[in-house]
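Heads up, the thing below is written out as structure tokens.
There are 2 protein chains.
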Amino acid sequence: MKVAIVGAGLMGTATCYPLSDNGHDVRLVGTHLDGDIIESCRERGYHPRLKRQLPSGVRPFFVDEIAQALDGVDVIVSGVNSLGVHWIGHAIGPYLRPGQLVVAVTKGLEAAENGDLLILPDVVYGELPEDVRDEVTLAAIAGPCIAGELAGRRQSCVVYGSRDRHAAYELAGIFRTSYYHIWPTGDLVALELCAAFKNAYTLGVGLAAGLLEQAGGVDSAGAYTYNLAAATFAQGCTEISRWLQIAGGVSAEKVHVFAYGLPSPGDFYVTTQGGRTVRLGRLLGAGHTFAEAREIMAGETLEAAEIVRVMADALPKLTARGIVAVGEFPLLQALVDVVVRGLPLDLPLDAYFQSMA
Amino acid sequence: MKVAIVGAGLMGTATCYPLSDNGHDVRLVGTHLDGDIIESCRERGYHPRLKRQLPSGVRPFFVDEIAQALDGVDVIVSGVNSLGVHWIGHAIGPYLRPGQLVVAVTKGLEAAENGDLLILPDVVYGELPEDVRDEVTLAAIAGPCIAGELAGRRQSCVVYGSRDRHAAYELAGIFRTSYYHIWPTGDLVALELCAAFKNAYTLGVGLAAGLLEQAGGVDSAGAYTYNLAAATFAQGCTEISRWLQIAGGVSAEKVHVFAYGLPSPGDFYVTTQGGRTVRLGRLLGAGHTFAEAREIMAGETLEAAEIVRVMADALPKLTARGIVAVGEFPLLQALVDVVVRGLPLDLPLDAYFQSMA
């Protein structure tokens, strides 16, 4: 197959490895932000952020060569981050051909004017040319997959979702290797909600490490704040499961399979093991305002904060419409209060875990 | 209230802190293995394993003073480990009085001859004198709670379970503090299954770090094996949810509340953050046989391995009886193969996450 990846960041590029190993014709297209990455790939076959040689047969393209890169491809992978999802539609739009598969690795969430949540594949859909967008099939990749591990050919388990279940199976067949295990699903919305919300809730888990700092650090007997991190993790899982229930169109059985499987606790778990979202949570937990933390982490994409910002707007609207009950998402509300409203951190632990008795 | 804790290990002793803070009369009774702990507590008010001063008003007792310690108490906490659950019944049996509450902090599992799983409070029940065992109420504590953090008065969220829901509420009222958040539940079996299985599955998560060692460690681009750990975590959550469904007597709604809440992913998460179960998994993942790992960790209680051993016996019986389907617990089976059957480690990733599509 011929596959083009648009966006030469970590995750987009990492998908080159299983594709190359499977013998596909792979083209890696940088965005306008990826110029030096593509230059390095061209000159040395080396991806400076991934810190690896590109696998054999992957051809790098600059953004102005996108027409050539997309020529005749069967699959286009959107490897841009959540800030690039509007751009990508316009960038690939003119070159789309009926029957192509468009797969997004981006994690994020937007909301409609009335508060309805919009998954990113649907945002991309809205940016595609009207005459072709119903002729291509949109899909997404989610699940616990640190890009550097996939590129290192470490064992990884992920989910490929599309409303067209057959397309999800087809994509799984194209990408699957002995180290890249893929489960196809038709529940695209559920998959994307897990992928987005696990980022927001990872911010919550990160708070515990910051609160530890604020309390003077590990005490003389060696006590951390893992209990609090774990309770936050569990409340995050609980709230993700509620979003799946609210989303509509997801069967009760599938809500549960996702809520205690790879898309929710699996992806959530790997995200809490480190990275910028945890670091942001730690700064907030240590008492920094979001503005201060934003400044300390200047230049980094804070997707979790973007999701919290979207939800700050959407939550009251969904509550007003009776879709969300008051107090149904106490952890998310606490994140909104800190990140968007600038209030001091106050985790309402006693409001967690309703209906446990 | 008057509360006696029998077993002066980490978790038993940690419960003294909220009890003391709530002004209760607290007695801490060492087992025959805790002699030097009680001596230190008597002489210096210092618990050498917890590395902390006992809180004010806690009176330490040697095991031969148990009659005096249990005199007139309202609540008895069993703080022994899973190897002590048969002993505890005999130790406290003669002093039980009708109306008392007996709370176990022990995590573990046994199985009946036919493979039926037995939660530890029911094992304790079987060891109590027949004339009084129906006159006391058994309960258990579970959820993500590292003892040293509770004793350090760090924020902790746990679940108190009893088939007598009213007793669970009563106990929660006795133990709850501003840092020790307690959710009472009537679903004792579900709670105890989560607490036991999360130990077994943490062994599975620990394998990833050992497999990393075996693969030569972190590679030059910084790739760990977090993706594999996360997939194992997710499969563990999935298998725990199935045990809750199989257990019977747990409503479908409650299965889910537990399976994506504090008892399952919450407790599982905290357990994977470190400790001897992770260490054992790491040794097995690195290629040691269980016998070798057992020797390297001589003297340590390996509760996870005990649970795997119990399940090695119970799984085929439950399968033969049609209660468990063949291949329904691929991760647990892989653990049985390594820990009990001495086979080389082989994680059957492609058998995970059935019914995802």
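Chains as they are written, first to last, in our numbering: chain U, 1 to 357; chain X, 1001 to 1357.
Ideal placement from N, C-alpha and C gives every residue a C-beta, glycine not left out.
Remember, predicted model here, so these are calculated numbers, not experimental data.
At least one CB of chain X closer than 8 Å to the CB of residue i: is that the case?
i, result
"residue 125 of chain U", "no"
"residue 288 of chain U", "no"
"residue 119 of chain U", "no"
"residue 165 of chain U", "yes"
"residue 282 of chain U", "no"
"residue 261 of chain U", "yes"
"residue 333 of chain U", "no"
"residue 349 of chain U", "yes"
"residue 174 of chain U", "no"
"residue 327 of chain U", "no"
"residue 214 of chain U", "no"
"residue 241 of chain U", "yes"
"residue 273 of chain U", "yes"
Once DSSP output is grouped into helix, strand and coil, what is the label at residue i?
i, result
"residue 1329 of chain X", "coil"
"residue 58 of chain U", "strand"
"residue 5 of chain U", "strand"
"residue 335 of chain U", "helix"
"residue 1283 of chain X", "helix"
"residue 1145 of chain X", "coil"
"residue 1246 of chain X", "helix"
"residue 1289 of chain X", "coil"
"residue 74 of chain U", "coil"
"residue 253 of chain U", "helix"
"residue 176 of chain U", "coil"
"residue 1202 of chain X", "helix"
"residue 188 of chain U", "helix"
"residue 1090 of chain X", "helix"
"residue 1213 of chain X", "helix"
"residue 1321 of chain X", "coil"
"residue 160 of chain U", "strand"
"residue 956 of chain X", "The structure shown does not extend to residue 956 of chain X, since chain X is modelled only from 1001 to 1357, so the question has no answer here."
"residue 1166 of chain X", "helix"
Cβ closer than 7 Å: which chain X residues qualify as neighbours of residue i?
i, result
"residue 154 of chain U", "1223, 1225, 1227 and 1228"
"residue 170 of chain U", "Within chain X, no residue comes near residue 170 of chain U; the closest Cβ sits about 13 Å away, beyond 7 Å."
"residue 246 of chain U", "Neighbours of residue 246 of chain U on chain X: none; closest Cβ ~15 Å, over 7 Å."
"residue 78 of chain U", "What residue 78 of chain U touches in chain X: nothing, since even the nearest Cβ is about 21 Å away."
"residue 145 of chain U", "1227"
Would you verify that the beta carbon of residue i is, or is not, closer than 8 Å to some beta carbon of chain U?
i, result
"residue 1087 of chain X", "no"
"residue 1157 of chain X", "yes"
"residue 1206 of chain X", "no"
"residue 1237 of chain X", "yes"
"residue 1355 of chain X", "yes"
"residue 1162 of chain X", "no"
"residue 1278 of chain X", "no"
"residue 1012 of chain X", "no"
"residue 1149 of chain X", "yes"
"residue 1339 of chain X", "no"
"residue 1249 of chain X", "no"
"residue 1040 of chain X", "no"
"residue 1056 of chain X", "no"
How would you list, in chain order, the residues of chain U whose beta-carbon sits under 7 Å from the beta-carbon of residue i?
i, result
"residue 1233 of chain X", "265, 266 and 269"
Taking 8 Å as the limit between beta carbons, can you name the residues of its chain near residue i, skipping five residues before and five after?
i, result
"residue 1242 of chain X", "1328 and 1329"
"residue 270 of chain U", "144, 145 and 146"
"residue 118 of chain U", "109, 110, 111 and 112"
"residue 72 of chain U", "2"
"residue 285 of chain U", "206, 207, 208, 209, 210, 211, 212, 213, 214 and 345"
Whose C-beta lies closer than 6 Å to the C-beta of residue i among residues of the same chain, with five residues either side of it excluded?
i, result
"residue 1287 of chain X", "1214"
"residue 151 of chain U", "14, 17, 50 and 52"
"residue 198 of chain U", "267, 268 and 271"
On the premise that residue j lies in contact with residue i, defined as a C-beta separation below 8 Å, what is that separation, rounded to the nearest angstrom?
i, j, result
"residue 195 of chain U", "residue 267 of chain U", "6 Å"
"residue 1018 of chain X", "residue 1041 of chain X", "About 18 Å separates the two Cβ atoms, so there is no contact after all."
"residue 1302 of chain X", "residue 1280 of chain X", "6 Å"
"residue 1028 of chain X", "residue 1014 of chain X", "Actually they do not touch by this definition, with Cβ atoms about 11 Å apart."
"residue 208 of chain U", "residue 228 of chain U", "4 Å"
"residue 162 of chain U", "residue 138 of chain U", "7 Å"
"residue 1167 of chain X", "residue 1101 of chain X", "6 Å"
"residue 1075 of chain X", "residue 1103 of chain X", "6 Å"
Cβ of residue i versus every heavy atom of the ligand PLP: is any distance shorter than 7 Å?
i, result
"residue 1349 of chain X", "What this structure holds is no ligand at all, so the ligand PLP is not there to describe."
For residue i, which residues in chain X fall below 9 Å Cβ to Cβ?
i, result
"residue 352 of chain U", "1157, 1181, 1183, 1261 and 1262"
"residue 50 of chain U", "1221"
"residue 186 of chain U", "1357"
Can you list, in chain order, the residues of its chain with a C-beta nearer than 7 Å to that of residue i? Leave out the 5 residues immediately preceding and following it.
i, result
"residue 159 of chain U", "142, 143, 183, 185, 191, 262 and 263"
Measuring only between beta-carbons, confirm whether residue i sits less than 8 Å from chain C.
i, result
"residue 1257 of chain X", "In the displayed structure, chain C is absent; the protein chains listed are U and X."
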